[in-house]
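Last residue of the sequence shown: 487 (the working numbering), numbering continuous.
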Amino acid sequence: MKTQPKHFRTLWISDVHLGTKDCKAAQLNDFLKHHEADQIYLVGDIIDGWRMKSGVYWNRDFTRVVRRLLKLSKQGTPITYICGNHDEFLRKYANNQFDNISLRNRVIHTTADGRKLLVIHGDQFDGVARIHHSLRWLGDKGYDLLMFLNRGYNRLRERFGYGYWSLASFLKSHIRRAQVYINEYEEGVAYACHKQGFDGVICGHIHHAAAKKIHGIDYYNTGDWVESCTALGEDEQGNIHLLRWKNDSANQQPLASNDEELVDEEVWDEKEELPWASMGRLSLNDVPALIIPD
């Protein structure tokens, strides 16, 4: 029996990385079958132009995702494509409209309950990416190695009947420096939005899904379709849910999506330093402006 797709006012998806071996395109295609929306935002790194510079890797599942998105746009669903760093080659074409698909560097989304949210990929807040291109390349290669090891380990797990397990997610949650990096990123993005007068932000980039309040700012991160298979969905009341999509490889039956609620924290003191400033790193004045233009 065919199930009716779950309807949302808005869906946000990012960091698909079409063109890479670790892209979970089949899961994303399945997710799009079971979820529909009045509007869809693709929040950067949908196509991985960085990888394609060294050789094109493309399979049938990637084509199915592209076709499904094009079909949705032709059926009347507005799709806004926010450029990221891995698809930065598209940034020079921003502010163009292609039928029902618009290409942007950033947009402002107003929720059903009246909140103004900045929608941006978020790579300009990545300290490594802003320091030097060579360091960004080194970090990218390190992630490639990590995902290569992850593929080999999961092939062994599959051989012995175990399900998928993310080495990258494990390291993010167990290595202190990774946790500090994530906290720095989230605080920096939230504070910049606070200074710009937004109620919140929706971003991607760091492959770490989240839905929480940071000093009065609604911070949402879409996660990715390389490790976690997550997205964000806004219901008709304006509530935004973190959606996790999983598939049973044995029978391909989708599990129910779940969501996480915002957690309140205290409001900023304008003279206060960021939490990691005591470690000799940054103060509020060091947080970058929103340098990606409209």
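Ideal placement from N, C-alpha and C gives every residue a C-beta, glycine not left out.
Give the straight-line distance between the Cα atoms of residue i and residue j, rounded to the nearest whole angstrom.
| i | j | result |
| --- | --- | --- |
| Thr273 | Ile233 | 6 Å |
| Phe201 | Leu235 | 15 Å |
| Ile206 | Glu427 | 12 Å |
| Val209 | Ala305 | 27 Å |
| Leu310 | Ile395 | 7 Å |
| Tyr374 | Lys267 | 40 Å |
| Tyr286 | Asn222 | 26 Å |
| Ser421 | Tyr384 | 26 Å |
| Asp316 | Glu380 | 14 Å |
| Asp292 | Leu349 | 45 Å |
| Ile407 | Gln372 | 16 Å |
| Phe282 | Asn252 | 22 Å |
| Val259 | Asp280 | 15 Å |
| Val382 | Arg244 | 26 Å |
| Gln290 | Glu429 | 26 Å |
| Val312 | Asn432 | 16 Å |
| Gly397 | Asn298 | 13 Å |
| Lys214 | Gly248 | 12 Å |
Would you call the CB atoms of residue i and residue j closer than 8 Å?
| i | j | result |
| --- | --- | --- |
| Gly390 | Tyr412 | no |
| Gly277 | His314 | yes |
| Ala404 | Leu204 | no |
| Ala219 | Asp241 | no |
| His401 | Gly416 | yes |
| Ala230 | Thr196 | no |
| Arg261 | Leu225 | yes |
| Lys246 | His227 | no |
Determine the extent of the beta strand (DSSP E) in which residue i is found, giving its start and end residues.
| i | result |
| --- | --- |
| Ile302 | The residue asked about is misnamed: residue 302 is His in this sequence, not Ile. Start and end: 299-303. |
| Gly426 | 423-427 |
| Arg202 | 199-206 |
| Gly242 | Counting along the chain, Gly242 falls outside any beta strand (DSSP E), though it belongs to the alpha helix (DSSP H) covering 242-245. |
| Gln290 | 289-291 |
| Tyr413 | 410-414 |
| His434 | 433-437 |
| Leu185 | With the chain represented from 194 up to 487, any question about residue 185 goes unanswered, as that position is not in the structure. |
Along the chain, where does the alpha helix (DSSP H) containing residue i start, and where does it finish?
| i | result |
| --- | --- |
| Asp223 | 218-227 |
| Asp254 | 253-267 |
Can you round the beta-carbon distance between residue i and residue j to whole angstroms, since I take them to be within the 8 Å contact cut?
| i | j | result |
| --- | --- | --- |
| Ile275 | Gly237 | 5 Å |
| Trp438 | Cys216 | With 8 Å as the limit, Trp438 and Cys216 do not qualify as a contact, their Cβ atoms being about 14 Å apart. |
| Ile410 | Tyr378 | With a Cβ gap of about 14 Å, Ile410 and Tyr378 do not count as contacting. |
| Gly212 | Tyr250 | 6 Å |
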